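Using our numbering, read the sequence shown as starting at 129 and increasing by one per residue. For reference, the structure is listed below as structure tokens.
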Amino acid sequence: MDFDLNQRETAFRDDLRGWLTRELPDPWRSPHPKEPWTDATRDLARRWQARLAEGRYLAMDWPASYHGREATLGERIVLQQELMAARAPRILGHVGLDLVGPALIAHGTLSQQARHLEPIRTGFELWCQGFSEPGAGSDLGGLRTRAVLEGDHWVVNGQKVWTSIAEVADFCFLLARTDVDVRKHAGISALIVDMRTPGITVRPLHQLTGEAEFNEVFFENVRVPRENLVGAEGAGWKIAMGILSHERGPMWAFMFHGYMREDLRQLTALVRQRGLADDPLIRQRLAEGWIGVELMRLLGTRSLTAEGRGEQLGPRTSLEKLFGSELSQSVRTLAMDVLGPDALLAIDEPRAPWEGRWQRFHLFSRADTIMGGTSEIQRQVIAQQVLGLPRG
Ligand SMILES: Cc1cc2nc3c(=O)[nH]c(=O)nc-3n(C[C@H](O)[C@H](O)[C@H](O)COP(=O)(O)OP(=O)(O)OC[C@H]3O[C@@H](n4cnc5c(N)ncnc54)[C@H](O)[C@@H]3O)c2cc1C
């Protein structure tokens, strides 16, 4: 495994550090790399994204013709780590930047690229990902939202669910069934849908944390221009699999490592503060957390090295997803045990330790083993596709 930054990555990191010192004002720095979205944090995130775009620190892997830097994966990971270390605001336009942008570059028409890539890059337009449906999450291929071609328009009817940031998104990257007479995966197409089109209703879903970060989205006779089809008709499944592979892999592993390391630092201080540093069971669980976070970094480094050698990561990224999400839950559960009755103090309670973040992170960590593919599905992928075990 390659543990050290190469010359290009070191030069990039040094430039970036200088830029961050100049361009990231102290009041913009965030108490934690994963602060919840509120009107205020969203507004700041938009301003920050515009500033990053000016410095060409967003969409760094895009071609130079679209203001990217054609950056390597290593450079993008350096960027992510330095942003977290500097406590920069979270990126709000992640779906557009990391998922939709690369899909449009790979499969979109020139006019789709010309229309959408720049507003995605600057954060001027936000996107949501309309894939999951009631009854089609793990089994995404079973999705039932229909798009029927009528003249120059696709007419869309159906429902999506768990659609993150749909309430503020300008566009949706939608998967819909355009052909019911072929194999189920072959009948799915990808469409660009303007969220202001008549017939779209967005209904927020309230989570355990009290926030509403995702939504149900209803489509009733929504007319989408024919030219908004991305790639060929029926190519939606292949495009979606490309998008979903970005949701795991080394970028994800290093991001998770960054969040978890920050939590463990805070948790170690809390354990000391509460006089529990000599409790052998707490010490053991804390040590397991630190070992886990280091393993996360090693898994990420291994994937990064493999990708640098041109190897296809494929199903191996399921290991990182499974391990990281379960680590997140065990560390956050330990925090609850250390806090005891104080764990009940919610984010808006003035006396809540760490301003209620522990409780919020614990409650939100339930989602970690669901989003981007559940733990059961990751275990199946590892068993069948990595270890080559027979289907159960
Ligand atoms: C925080 C968060 C954000 C999200 N954001 C988005 C978004 O922006 N856009 C979007 O499209 N989706 C989004 N999702 C949805 C996410 O992709 C789905 O929740 C996920 O794919 C699981 O699908 P499901 O919820 O329908 O569960 P189901 O697939 O119904 O699964 C229910 C349970 O059954 C188990 N199960 C299912 N099939 C099998 C099987 N074959 N073998 C064994 N066990 C099985 C699962 O592991 C799970 O425990 C988000 C989810 C979360 C939690």
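Here a beta-carbon is modelled for each residue, glycine too, at the ideal position from N, C-alpha and C. Model, not experiment: these values are computed from the prediction.
By alpha-carbon positions, which one of 140, 301, 519 and 392 ends up nearest to residue 95? Any property of residue 95 remains undetermined from this structure, which presents the chain solely from 129 to 520.
Check residue 490 in the structure and name its three-state DSSP category. helix
Paired residues, beta bridge with residue 275 - DSSP: 284
First and last residue of the uninterrupted beta strand (DSSP E) at residue 317: 316–322 is the span of the beta strand (DSSP E), which, as asked, contains residue 317.
Less than 6 Å separating the Cβ of residue 291 from some heavy atom of ligand 1? yes
Which residues DSSP lists as bridging residue 257, in chain order: 301
Is residue 260 a contact residue of ligand 1, with contact defined as CB to any heavy atom under 6 Å? Under cutoff, so the answer is yes.
In three-state DSSP terms, what is residue 190? coil
Which of the three DSSP states, helix, strand or coil, is assigned to residue 455? helix
Taking the continuous alpha helix (DSSP H) assigned at residue 206, which residues delimit it? Start and end: 201–213.
Short Cβ contact (7 Å threshold) for residue 301 with residue 240: no
Contact defined as beta carbons within less than 8 Å: I believe residue 380 pairs with residue 422. What is the distance between those atoms, to the nearest angstrom? Residue 380 to residue 422, Cβ: 17 Å. No contact.
Answer with yes or no whether the minimum CB distance from residue 168 to chain C is below 7 Å. As a matter of chain content, chain C is missing from the structure shown, which is built from one protein chain.
In terms of alpha-carbon separation, which member of 166, 454 and 440 lies closest to residue 497? 454
Residue of 350, 185 and 335 minimising C-alpha distance to residue 280: 350
DSSP on residue 239, reduced to helix/strand/coil? helix
Of the choices 307, 192, 334 and 297, whose alpha-carbon is the least far from that of residue 325? Nearest of 307, 192, 334 and 297 to residue 325, Cα basis: 297.
On the three-state DSSP scale, how would you describe residue 290? strand
Completely contained alpha helix (DSSP H) runs for the segment 377–451, where each covers 4 or more residues: 377–401 and 408–436
Quick one: what does DSSP say residue 348 is sitting in, helix, strand or coil? strand
Exposed or buried, residue 131, counting other C-beta atoms within 10 Å across all chains shown (16 or more means buried)? exposed
Taking the beta strand (DSSP E) that residue 333 belongs to, which residues open and close that run? Start and end: 328–333.
Just to confirm, is the Cβ distance from residue 319 to residue 340 under 7 Å? no
For residue 140, which three-state DSSP category applies? helix
Which residues does DSSP pair with residue 342 in a beta bridge? 292 and 333
Residue 221 versus residue 408 - alpha carbon distance: 44 Å
Does the contact criterion of 3 or more C-beta pairs under 8 Å hold for the segment 365–385 versus the segment 420–435? yes
Given the structure, does residue 266 come close to ligand 2, in the sense that its CB is under 6 Å from one of the ligand's heavy atoms? Ligand 2 is not part of this structure, which contains only ligand 1.
DSSP-derived helix/strand/coil call for residue 353: strand
Is residue 166 near ligand 1, judged by its Cβ being under 6 Å from some heavy atom? no
Look up residue 358 in the DSSP assignment and give the residues it is bridged to. Answer by DSSP bridge pairing, in chain order: 318.
If you count every other CB in all the chains shown that lies within 10 Å of the CB of residue 440, and 16 or more means buried, which is it? exposed
Are the beta-carbon atoms belonging to residue 336 and residue 467 less than 7 Å from one another? no
Exposed or buried, which one is residue 204 when buried takes at least 16 other CB atoms within 10 Å? buried
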